[in-house]
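Q: Per our numbering, residue 113 is the first one in the sequence shown, and the count goes up by one each step. Even glycine gets a Cβ: it sits at the ideal position worked out from N, Cα and C.
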Amino acid sequence: MFVDQAVIMIRSGKGGDGRVSFRREKYVAKGGPDGGDGGDGGSVVALAAEGVDTLMDFSGRHHWYAEDGEPGGSRDCDGKNGKDCVLRLPAGTVLYDDVTGQCLGDLVRVGDELVVAQGGKGGYGNIRFATPTNQVPREATPGEEAVERTLRLELRLIADVGLVGLPNAGKSTFLSSVSRATPKIANYPFTTLEPQLGIAEISGGRRMVIADLPGLIEGAAGGHGLGSRFLRHVERTRVLVHLISCESGDPEVCAAAYRTIRGELSDYSEALASKHEVVALSKTDLWGDDAPVFAAEVEGLIGCRVETVSSATRAGVGALLERVWPSLGRDAQASEGWGR
Numbered sequence: 113m114f115v116d117q118a119v120i121m122i123r124s125g126k127g128g129d130g131r132v133s134f135r136r137e138k139y140v141a142k143g144g145p146d147g148g149d150g151g152d153g154g155s156v157v158a159l160a161a162e163g164v165d166t167l168m169d170f171s172g173r174h175h176w177y178a179e180d181g182e183p184g185g186s187r188d189c190d191g192k193n194g195k196d197c198v199l200r201l202p203a204g205t206v207l208y209d210d211v212t213g214q215c216l217g218d219l220v221r222v223g224d225e226l227v228v229a230q231g232g233k234g235g236y237g238n239i240r241f242a243t244p245t246n247q248v249p250r251e252a253t254p255g256e257e258a259v260e261r262t263l264r265l266e267l268r269l270i271a272d273v274g275l276v277g278l279p280n281a282g283k284s285t286f287l288s289s290v291s292r293a294t295p296k297i298a299n300y301p302f303t304t305l306e307p308q309l310g311i312a313e314i315s316g317g318r319r320m321v322i323a324d325l326p327g328l329i330e331g332a333a334g335g336h337g338l339g340s341r342f343l344r345h346v347e348r349t350r351v352l353v354h355l356i357s358c359e360s361g362d363p364e365v366c367a368a369a370y371r372t373i374r375g376e377l378s379d380y381s382e383a384l385a386s387k388h389e390v391v392a393l394s395k396t397d398l399w400g401d402d403a404p405v406f407a408a409e410v411e412g413l414i415g416c417r418v419e420t421v422s423s424a425t426r427a428g429v430g431a432l433l434e435r436v437w438p439s440l441g442r443d444a445q446a447s448e449g450w451g452r
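Encoded structure:
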């Protein structure tokens with residue numbers, strides 16, 4: 113199961129208390145102070161870890177604690193520091209304070225880390241308070257308190273290309289035709305309930321990561337259908353491939369489908385609506401040699417260039433990928449490791 117959102121409670125470790133202690137040894141009648149400092153509490157650290165792809169580990173376990181620091185000991189022995197609690201997250205995770213809504217950070221690449229709850233400092237032992245005028249200090253300080261907070265974790269897939277379109281626009285079939293991905297495919301709405309990733313290879317050893325995102329419907333930005341939960345995945349992509357099914361046989365229906373998706377992207381964010389987009393009619397094998405004529409009619413209605421593709425016959429697939437490639441940038445070849 114793909115899990116892309118979770119809410120958890122975290123707590124850092126409390127600092128250990130400082131110790132009040134005096135040296136007590138045979139033949140040393142008046143030993144001085146020897147109370148050690150308390151250990152520091154462990155911190156809660158978010159880490160983008162290799163091999164982690166979902167937030168599954170956090171959907172069933174909601175409390176994550178770092179260790180407390182140990183109190184100081186006698187003979188000037190400091191307490192042991194508490195161990196950190198490391199949250200192993202997939203790259204692409206954004207962390208929020210669930211109470212204030214503040215964005216705490218964004219783990220973009222494997223190896224990125226962020227301290228989300230700092231461990232408390234250990235208290236001072238009485239040896240630190242000894243002075244020429246106070247050689248028998250009886251004071252020590254307590255360790256700092258732990259930090260507690262509620263985190264909201266949101267995973268946003270990192271991909272070069274995002275496939276968008278209404279349900280049954282042919283996105284899953286297209287992804288399976290250009291990569292080894294095996295998304296669920298059937299002729300009913302919302303076949304894709306979870307985002308799918310695939311890697312497409314084109315000539316010259318070039319690669320691009322393509323994300324098949326669940327079909328959008330009118331009102332998705334406001335939470336209808338599968339809602340804005342999946343629109344946030346589109347934000348990470350560099351290019352959108354907007355697929356429109358030509359099964360209806362009516363250019364007006366295709367144009368209306370295009371406008372519906374464009375409206376949802378605009379309602380969600382201007383940044384999303386301004387992403388580079390390549391529009392393509394899917395399932396054009398149903399039209400045979402008349403597909404270019406049909407596409408030209410749709411172009412006239414929506415005012416932009418429209419490609420034609422058939423995932424069943426692979427006609428037009430290569431041309432579509434070649435048109436997408438220049439918008440990805442030179443480092444798209446390395447994208448196979450993204451999100452891993």
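If we require 4 or more residues per run, which alpha helix (DSSP H) segments fall completely within the stretch 342 to 392?
A: If we require 4 residues or more, the alpha helix (DSSP H) runs fully inside the stretch 342 to 392 come out as 363 to 380 and 382 to 385.
Q: May I ask you to report which of helix, strand or coil DSSP gives glycine 125?
A: Three-state DSSP puts glycine 125 in coil, outside helix and strand.
Q: Is lysine 296 helix, strand or coil by DSSP?
A: Per-residue confidence for lysine 296 stands at a pLDDT of 41, beneath the threshold of 50, marking its modelled position as unreliable; the derived number appears in the next sentence. In this structure, lysine 296 counts as coil in the three-state DSSP scheme.
Q: Kindly provide the ranges of any beta strand (DSSP E) runs that are 3 or more residues long and lie completely inside the stretch 171 to 226, ordered along the chain.
A: Listed in chain order, the complete beta strand (DSSP E) runs (minimum 3 residues) inside the stretch 171 to 226 are 175 to 177, 197 to 201, 205 to 209 and 215 to 219.
Q: Please classify aspartate 402: is it buried, with 16 or more other beta-carbons within 10 angstroms of its beta-carbon, or exposed?
A: With fewer than 16 Cβ atoms within 10 Å of its Cβ, aspartate 402 is classed as exposed.
Q: Check alanine 242 in the structure and name its three-state DSSP category.
A: The answer is coil: DSSP assigns alanine 242 none of H, G, I, E or B.
Q: Taking 8 Å as the cut-off, does the stretch 163 to 177 touch the stretch 120 to 127 (at least 3 CB pairs, one atom from each stretch)?
A: Because the criterion of three Cβ pairs below 8 Å is met, the stretch 120 to 127 and the stretch 163 to 177 touch.
Q: Got a sec, what are the start and stop residues for the alpha helix (DSSP H) valine 290 sits in?
A: Where valine 290 is concerned, the enclosing alpha helix (DSSP H) stretches over 283 to 290.
Q: Taking all protein chains shown into account, decide if alanine 312 is buried (16 or more other Cβ within 10 angstroms of its Cβ) or exposed.
A: Flag for alanine 312 reads buried.
Q: For glycine 231 and serine 155, which I take to be in contact (beta-carbon distance under 8 Å), what is that distance rounded to the nearest angstrom?
A: With a Cβ gap of about 4 Å, glycine 231 and serine 155 count as contacting.
Q: To the nearest whole angstrom, what separates the beta carbons of glutamate 467 and lysine 126, a pair I think is in contact under 8 Å?
A: Outside the shown range of the chain, which is 113 to 452, sits residue 467, and nothing can be said about it.
Q: Using the Cα positions of glycine 213 and valine 227, report the straight-line distance between them to the nearest angstrom.
A: Roughly 17 Å between the two C-alpha positions.
Q: Grouping DSSP H, G and I as helix and E and B as strand, with all else coil, what is glycine 274?
A: Of the three classes helix, strand and coil, the one that applies to glycine 274 here is strand, per DSSP.
Q: Within a Cβ cutoff of 7 Å, which residues of the same chain sit near phenylalanine 241, ignoring the five residues on either side of it in sequence?
A: For phenylalanine 241, where only same-chain residues beyond five positions count, the Cβ hits under 7 Å are Pro249 and Glu251.
Q: In this structure, how does DSSP classify glutamate 411 when only helix, strand and coil are distinguished?
A: It is helical.
Q: Would you decide whether proline 244 is buried or exposed? Buried here means 16 or more other CB atoms lie within 10 Å of its CB.
A: So proline 244 counts as exposed.
Q: Is the Cβ-Cβ distance between aspartate 146 and proline 183 less than 8 Å?
A: Not in contact: aspartate 146 and proline 183 (Cβ atoms no closer than 8 Å).
Q: For arginine 442, which residues from the same chain have a beta carbon less than 7 Å from its beta carbon, with the 5 sequence-adjacent residues on both sides left out?
A: With a pLDDT of only 45 at arginine 442, under 50, the local geometry of the prediction cannot be trusted, and no value is derived from it.
Q: Does DSSP classify valine 418 as helix, strand or coil?
A: Of the three classes helix, strand and coil, the one that applies to valine 418 here is strand, per DSSP.
Q: Following the continuous beta strand (DSSP E) through arginine 319, name the residue where it begins and the one where it ends.
A: Element bounds for arginine 319: 318 to 324.
Q: Assuming serine 355 and leucine 275 are in contact, meaning their beta carbons sit under 8 Å apart, how far apart are those beta carbons, in whole angstroms?
A: This sequence places leucine at residue 355; serine is not what is there. That belief holds up - the Cβ atoms of leucine 355 and leucine 275 are roughly 6 Å apart, short of 8 Å.
Q: With a cut-off of 8 Å on the beta carbons, I'd call lysine 195 and glycine 151 a contact; round off their distance for me.
A: At roughly 10 Å, the Cβ-Cβ gap does not stay under 8 Å, so lysine 195 and glycine 151 are not in contact.
Q: For glycine 96, which option in Glu179, Ala161 and Val436 has the closest C-alpha, if you only look at C-alpha atoms?
A: Because the chain here runs from 113 to 452, residue 96 falls outside it and cannot be looked at.
Q: Per the DSSP calculation, threonine 262 is bridged to which residue(s)?
A: Its beta-bridge partners are Met121.
Q: Going by Cα to Cα distance, which pick from Ile239, Ala271, Leu398 and Val211 is closest to arginine 131?
A: The shortest Cα separation from arginine 131 among Ile239, Ala271, Leu398 and Val211 belongs to Ile239.
Q: Pick out whichever of Leu377, Glu364, Arg350 and Gln117 has its Cα sitting closest to the Cα of histidine 388.
A: Ranking Leu377, Glu364, Arg350 and Gln117 by Cα distance to histidine 388 puts Arg350 first.
Q: Rank Leu265, Ser423 and Val436 by C-alpha distance to the C-alpha of arginine 417 and give the top, closest one.
A: For the residues Leu265, Ser423 and Val436, the minimum Cα distance to arginine 417 belongs to Val436.
Q: Taking the alpha carbon of glycine 255 as the reference point, which residue from Gly310, Arg319, Asp190 and Tyr208 has its own alpha carbon closest?
A: Closest option to glycine 255, Cα to Cα, is Asp190.
Q: Thinking valine 220 and glutamate 266 are a contact (beta carbons under 8 Å), I'd like their distance in whole angstroms, please.
A: Valine 220 to glutamate 266, Cβ: 13 Å. No contact.
Q: Who pairs with glutamate 313 in a beta bridge, going by DSSP?
A: DSSP output for glutamate 313 lists Arg319 as bridge partner(s).
Q: Hey, is the stretch 271 to 290 in contact with the stretch 393 to 407, meaning 3+ C-beta pairs nearer than 8 Å?
A: Cβ pair count under 8 Å is three or more, so yes.
Q: For threonine 294, collect the residues of the same chain with a Cβ closer than 7 Å to its Cβ; drop the 5 residues on either side in sequence, then sort them by chain order.
A: Confidence at threonine 294 is low in this model, with a pLDDT of 47, below 50, so its placement is unreliable and the value that follows should be read with caution. Only Ser288 meet the Cβ criterion.
Q: Could you pull the start and end residues of the beta strand (DSSP E) that valine 157 belongs to?
A: It spans 156 to 160 - the beta strand (DSSP E) in which valine 157 sits, taken as one unbroken run.
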